[in-house]
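K.L.:
The structure's right below; bear with me while I get my questions together.
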Amino acid sequence: MLELDQIDTGYGRAQVLRGFSLRVEPGEILCLFGRNGAGKTTVMKAIMGLLPLWSGEVTVDGTPTGRLPAHKVPLQGVGYVPQGRRLFSELTVAQNIEIGLRARGSGPEVEEEVLALFPRLRERYRQRAETLSGGEQQMLATARALCLRPKVLLLDEPTEGLQPSMIEAIRQVITAMRDRGVAVLLVEQRVDAVLTVADRVAFIENGRNGEVMSAQALRTDHAIVERYIGV
Amino acid sequence: MELGPYLVLATLEGAVMAAVLALTACGLSLVFGVMRVVNVAHGEFFMLGAVFAWWIASHIGGAPAWGFVAALILAPLIVGAIAAAADMTVLRRIDYDPERTIVATIGLLYILQQATLMTYGPDARPVEAPFNTRIAIPWVEWTEAGWALYWPWGVATTSYKMFVIAAAVAVLAGLWGLMTRTRIGLLMRATQLDRDMALAFGIPVERVYALVFGLGAGLAALAAVLIVPIQQAHYLMGHDPLLLSFIVVIIGGLGSLPGTILAAILIGLTDSLVSVFFSPTLAKILATLLVALVLVFRPQGLFGSRAS
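Chains as they are written, first to last, in the UniProt record's numbering: chain A, 1 to 231; chain B, 1 to 308.
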């Protein structure tokens with residue numbers, strides 16, 4: 001379970017998140033929704049310890065992680081698929097996966113499991129990450145995060161710029177993780193993508209909490225989408 | 001004067017310079033590549049390597065070879081440990097901010113230099129080479145009986161200089177293996193490619209930085225131990241290696257080890273050939289001109305990648 005309790009953070013002196021709180025239960029997909037610059041990616045970075053918390057606390061499965069050194073956060077079982085994939089571009093598929101496996105001491109059985117989810121990566125195993133297509137890169141970014149055997153999975157716009165078949169493949173993996181009891185926090189811009197996978201939706205506006213509702217309720221309430229992201 | 005034998009001699013001398021320069025510059029390039037730190041104190045780590053080599057060699061009795069071997073092992077380790085300590089106590093505290101690390105390493109340069117002057121003194125001191133057999137360089141000449149070998153007078157090198165070249169090649173091959181074939185090398189490369197993602201995948205980046213800073217300084221110290229039987233240890237001897245290392249890494253591409261090695265060979269051979277046949281001053285002018293041309297026409301260096 002992932003819990004953010006009244007966190008404040010930002011870049012330098014510029015505050016972005018203001019008392020932001022969130023709770024994602026195991027086996028749940030919560031989608032964070034908001035305009036560009038609302039603070040969605042900042043929430044992800046704050047959870048990963050890549051931005052220092054000014055106040056508040058982040059808890060992963062009951063363990064406070066908000067004050068841990070950044071490299072110790074993934075050891076608590078937090079997998080991160082960042083916006084833009086941010087693979088280790090000059091390393092091979094195998095080496096990117098090895099870095100994911102190493103983080104929590106996962107064995108070869110985890111690698112087999114992950115490659116079974118993304119068979120295309122097995123074909124590209126010795127290829128440098130920068131030579132993969134956009135969809136394959138997204139698969140690798142997701143596979144790398146899954147190698148941590150995450151209890152909490154953070155995905156920042158995982159379908160950005162992908163063709164429909166790839167979006168479907170990523171969607172299936174996300175729901176498979178939910179079914180295994182992983183708490184999934186998903187940042188998405190596309191309403192249709194959210195409605196097909198999310199259990200709940202939380203809105204963020206200017207770094208503050210907006211409404212939280214079920215995906216079912218969002219389907220019937222178009223006004224709220226317009227209010228928060230203007231579509 | 002027949003040109004051929006002197007060309008061979010100048011090339012061999014250039015190869016010795018290139019070998020030492022490649023080791024020193026690879027240390028600088030590694031630190032910049034992984035940490036994005038321009039280490040202005042790099043030449044002082046070179047100097048410390050030479051000074052510790054003298055200190056270790058002069059405190060170990062027996063044959064000169066024992067002292068030299070001990071220096072070859074211990075001096076890079078000691079200097080590497082000093083550099084790692086400097087990383088943890090200074091660079092980490094300023095969060096590896098590019099501008100502030102330049103100022104901090106300038107400060108480190110003066111601290112190391114003045115501390116050496118206060119303890120070791122202003123004298124230049126030699127370390128005896130473990131072996132130094134003269135090797136005459138043969139050349140061929142046309143005689144009435146056909147082509148024949150002869151040994152031109154004064155054209156010779158030493159077995160120790162050949163050892164310096166071989167040792168540098170072995171160390172550079174080891175460094176290449178470390179970076180490409182080992183797990184710690186993989187972590188260093190991942191940190192170099194994306195620091196935040198390295199953290200997000202549990203890589204202790206600060207420990208990697210301390211290791212890299214120590215390794216970079218250790219390489220400079222190793223180069224100094226190799227050269228100190230040829231040039232004496234002196235507290236101001238770090239300036240030239242620092243300047244030449246910067247020239248080499250700018251030409252080769254900051255952070256690129258293959259580029260650094262190639263540029264070191266280019267600069268080492270050019271410097272030696274121009275110095276022998278024209279003048280050492282002209283050699284330095286040409287090296288500086290080459291840097292200027294690279295900065296104008298290919299700012300990322302010969303092998304560096306353009307910043308995005």
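Think of the CB as a built atom: it goes at the ideal place given N, C-alpha and C, for glycine as much as any other residue.
Quick one: what's A/Asn209 bridged to in DSSP?
P.N.:
Answer is A/Ile204, bridged to A/Asn209.
K.L.:
Does any C-beta atom of chain A lie closer than 8 Å to the C-beta of B/Ser308?
P.N.:
Residue confidence for B/Ser308 is low, a pLDDT of 45 falling below 50, so the modelled location carries little weight; the figure read from the coordinates is stated next. Output row for B/Ser308: interface = no.
K.L.:
Taking only beta-carbon positions, decide if A/Ser89 is within less than 8 Å of chain B.
P.N.:
Answer yes: the Cβ-Cβ gap between A/Ser89 and chain B drops below 8 Å somewhere.
K.L.:
Sort out for me which residues DSSP pairs A/Cys31 with in a bridge.
P.N.:
A/Cys31 pairs with A/Leu186 and A/Val201.
K.L.:
Is A/Arg128 helix, strand or coil when you go by DSSP?
P.N.:
It is a strand residue.
K.L.:
So who's on the other strand from A/Gly79, going by DSSP bridges?
P.N.:
Paired residue(s): A/Leu153.
K.L.:
Is there a Cβ from chain B that is less than 8 Å from the Cβ of A/Ala94?
P.N.:
Chain B contact via Cβ: absent.
K.L.:
What are the boundary residues of the beta strand (DSSP E) that includes B/Leu273?
P.N.:
Where B/Leu273 is concerned, there is no enclosing beta strand (DSSP E), although the alpha helix (DSSP H) it sits in stretches over Leu257 to Phe277.
K.L.:
Roughly how many whole angstroms lie between the Cα atoms of A/Gly210 and A/Arg180?
P.N.:
Distance between the alpha carbons of A/Gly210 and A/Arg180: 29 Å.
K.L.:
Does the beta-carbon of B/Ser308 have 16 or more other beta-carbons within 10 angstroms, so that it is buried, or is it exposed?
P.N.:
Its pLDDT being 45, under 50, B/Ser308 is placed unreliably by the model, and the measurement read from it follows with that caveat. By the 10 Å Cβ count, B/Ser308 comes out exposed.
K.L.:
Please return the same chain residues whose Cβ sits closer than 8 Å to the Cβ of residue 328 of chain B, not counting the five positions on each side in sequence.
P.N.:
Residue 328 of chain B lies beyond the range of chain B shown here (1 to 308); nothing can be said about it.
K.L.:
Roughly how many whole angstroms lie between the Cα atoms of A/Arg85 and A/Ala145?
P.N.:
In a straight line, the C-alpha of A/Arg85 is about 11 Å away from that of A/Ala145.
K.L.:
Got a sec: which bits of the region 197-219 of chain B sit with their beta carbon under 7 Å from any beta carbon on chain A, in order along the chain?
P.N.:
If the cut-off is 7 Å between Cβ atoms, the region 197-219 of chain B has Met197, Leu199, Ala200, Phe201, Gly202, Ile203, Pro204 and Val205 near chain A.
K.L.:
Is the distance from the Cβ of A/Val58 to the Cβ of A/Gly66 below 8 Å?
P.N.:
In contact: A/Val58 and A/Gly66 (Cβ atoms closer than 8 Å).
K.L.:
Anyone know if the C-beta pair for B/Gly304 and B/Ser245 falls short of 8 Å?
P.N.:
It is not a contact, given that the beta carbons lie outside the stated cut-off.
K.L.:
In this structure, how does DSSP classify A/Arg219 when only helix, strand and coil are distinguished?
P.N.:
It is helical.
K.L.:
Distance cutoff 8 Å, beta carbons only. Does B/Ala190 sit that close to anything in chain A?
P.N.:
So, interface residue.
K.L.:
Starting from B/Asp95, find everything on chain A with Cβ-Cβ shorter than 8 Å and list it in chain order.
P.N.:
Within chain A, no residue comes near B/Asp95; the closest Cβ sits about 11 Å away, beyond 8 Å.
K.L.:
For B/Asp194, which residues in chain A fall below 7 Å Cβ to Cβ?
P.N.:
By Cβ distance, chain A contributes Arg86 and Phe88.
K.L.:
Take A/Pro82 and list the residues in its own chain whose beta-carbon comes closer than 6 Å to its own, dropping the five residues that flank it on each side.
P.N.:
Only Asp156 meet the Cβ criterion.
K.L.:
What did DSSP end up calling A/Phe20 once you bin it into helix, strand or coil?
P.N.:
Of the three classes helix, strand and coil, the one that applies to A/Phe20 here is strand, per DSSP.
K.L.:
Between the region 94-108 of chain B and the region 123-132 of chain B, can you find at least three pairs of beta-carbon atoms closer than 8 Å?
P.N.:
No, the region 123-132 of chain B does not touch the region 94-108 of chain B.
K.L.:
Report yes if the C-beta distance between B/Ala200 and A/Pro74 is below 8 Å; otherwise report no.
P.N.:
Yes, the Cβ-Cβ distance between B/Ala200 and A/Pro74 is below 8 Å.
K.L.:
How long is the line joining the alpha carbons of B/Ala75 and A/Gln6, rounded to whole angstroms?
P.N.:
When rounded, the distance between both Cα atoms is 52 Å.
K.L.:
With a CB to CB cut of under 6 Å and the five nearest residues on each side skipped, what residues in its chain are close to B/Val58?
P.N.:
Position check: residue 58 of chain B holds Ser in this sequence, whereas Val was assumed. Cβ within range, chain order: n/a, list empty.
K.L.:
Report the three-state DSSP secondary structure of A/Pro64 (helix, strand or coil).
P.N.:
Reduced to three states, the DSSP call for A/Pro64 is strand.
K.L.:
Strictly under 8 Å for the Cβ-Cβ distance: is A/Leu50 near chain B by that measure?
P.N.:
Yes, contact with chain B.
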